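Residue numbering for the sequence shown follows our numbering, beginning at 153 and increasing consecutively. All C-beta atoms, glycine included, are put in the ideal place defined by N, C-alpha and C. Since we're looking at a predicted model, the values are computed, not measured. Take a look at the structure set out below.
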Amino acid sequence: MTPEKLEETYTELLNEYLFGGDDETALYNAYEFSRECIREKTGLEEITAVHTDALGKLTEEVPFQEIPLIVSKSSVFFLEFIMNFSLVYKEYFEMWERTGMELRDAIRETGDALIACLNLDKTIEIISSLIQKTAGSEAIIIYLLKDSHLTPVYTENVAGDVLPIDLSTHETLVGDALRHAEIKIAITPEDVSKRTGVSTIKNGTTPSSAIGIPLIAENSVIGAIECYYETPYALSGLDNEMLLELAGRAAKSIETIHQLKGFRNCRDLDWITKEEAVHRCKIARRIILGEGKEGYCALNRVCNGLQGLIEHLNEIKGEEIGWIIKWLEYLGDFELAALIRAKPEKFKELVYERYNELKDFAF
């Protein structure tokens, strides 16, 4: 999919949702387009960039008092659009099961789908299945990192309870994997017993070997994985590079879930006060236009220009409206300039009204 088509279609769908009056139809059309995005291998980063750009343009076109609602409602649309990916990522995994494609290609496609999933529990379940099939292990534990502790969040074929691991107290298999950002191996039953907390796997078997795999995303350490084997010979066929690639994609999918979790708060907007809406609008403008950039400064420029104009407003005569319009266009407020051009007899009232609108939003 070309960037032009992505931008054009997404912007059209967003406008349909915001202004079309039929939310259900708009969301269904967004669902169909999200399927096309996955088929065309469009990345989440590309969609986010298009959404941010579209929202930035919208805030320039709507009245300032409507910006908080536009920002909030568009965030709901963005969340719904991204969540649609979770309905189709399972198809990639099933394709991986059915076909005889090369393992590396299947991992790459499934990894791309995992990045789009927003259900953490389901994502971890899929990660477990993929890692076990790739590593050929009999049992698995997935840990997530929090406050220097690795907390087990998923186990399969492991007997007994699995306790959290304090990384600051002693060396462990997964701790070594995280410290060195590479796969670590315990090759004997004694080594497994010493460096892991697992003594028995399925059917009461003692694991003969194990591996520790780091889960490290682009911007954070997510956790680690332990895989257990009945025999040490199973380790001889491991493709460490492939395992690390899959683990990196899995970590990125979990990181994405954490980053997008906050958008869910946009669903319930009843509690937002006027002051909170103004505050959110200011933050959104910083994000969209860039703090200290030309677009960000335009609001201050218009507000300050209007303030200077108001000081001499009573001295201005009707025949001098032409230069007021040119002044407003120079400041960048083309909407107010157009209003005064259409209703010149109300120019003083319009200037005061716009200035009072901008005072709450100016920095």
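Beta-carbon separation (whole angstroms), residue i vs residue j, contact threshold 8 Å
i    : j    : result
K354 : N392 : Contact doesn't hold; Cβ gap of about 24 Å is too wide.
L325 : A362 : 6 Å
Q217 : E397 : In fact, because the Cβ distance is near 49 Å, the residues do not count as touching under 8 Å.
I492 : I477 : 6 Å
E184 : M153 : Wrong, their Cβ atoms sit about 14 Å apart, outside the cutoff.
A291 : Y380 : 4 Å
T275 : S405 : 6 Å
A403 : L367 : 4 Å
I365 : L395 : 6 Å
L297 : G349 : Actually they are not in contact, since the Cβ atoms of L297 and G349 sit about 16 Å apart, beyond 8 Å.
T352 : L196 : The pair is not a contact, with the Cβ atoms about 40 Å apart (cut-off 8 Å).
E382 : R347 : In fact, because the Cβ distance is near 18 Å, the residues do not count as touching under 8 Å.
G457 : W479 : 7 Å
For residue i, three-class secondary structure by DSSP
i    : result
V310 : strand
I439 : With a pLDDT of only 41 at I439, under 50, the local geometry of the prediction cannot be trusted, and the value read off the model is given with reservation. If DSSP states are grouped into helix, strand and coil, I439 belongs with the helices.
I337 : strand
I234 : helix
I406 : helix
L165 : helix
D343 : helix
M394 : helix
H332 : helix
G460 : helix
T275 : helix
G327 : helix
G400 : helix
Y448 : Any reading at Y448 must be qualified, since the residue scores a pLDDT of 38, below 50, and its modelled position is unreliable; no value is offered.
Rounded separation between residue i and residue j - CA only
i    : j    : result
T357 : V344 : 13 Å
Y507 : C455 : 6 Å
S227 : L488 : 28 Å
P384 : A399 : 22 Å
S280 : I335 : 16 Å
D318 : H301 : 5 Å
D175 : D273 : 29 Å
S320 : K209 : 49 Å
G214 : D328 : Here the sequence assigns Val to residue 214, which means Gly is not the residue at that position. If you take the alpha carbons of V214 and D328, they lie about 54 Å apart.
L165 : A178 : 7 Å
Y306 : I283 : 13 Å
P341 : T163 : 58 Å
L207 : V223 : 7 Å
D313 : Y295 : 13 Å
P496 : H410 : 52 Å
E232 : A338 : 44 Å
A182 : I219 : 22 Å
I278 : G389 : 22 Å
D205 : I234 : 16 Å
E378 : I293 : 5 Å
I199 : F486 : 30 Å
E481 : Q459 : 15 Å
Any non-hydrogen atom of the ligand SAM within 8 Å of residue i CB
i    : result
N466 : Summarising the ligand content, the structure contains no ligands, and the ligand SAM is consequently not present.
Extent of the continuous beta strand (DSSP E) to which residue i belongs
i    : result
I368 : 361-368
I377 : 373-381
Residue interval of the alpha helix (DSSP H) (run including residue i)
i    : result
G103 : The structure shown does not extend to residue 103, since the chain is modelled only from 153 through 515, so no value can be given for it.
A201 : 196-213
I292 : From DSSP, I292 is part of no alpha helix (DSSP H) but of the beta strand (DSSP E) over 291-298.
E218 : Premise fails: E218 is in no alpha helix (DSSP H) and is neither H nor E.
I468 : Run containing I468: none; DSSP gives neither H nor E here.
A489 : 486-494
L387 : Element bounds for L387: n/a, residue is neither H nor E.
E184 : 175-191
Sheet register partners of residue i (DSSP bridge)
i    : result
H322 : The partner list for H322 (beta bridge, DSSP) is empty, contrary to what the question assumes.
P304 : Y295
I317 : L302
I283 : I283 is not bridged to any residue.
I353 : V310
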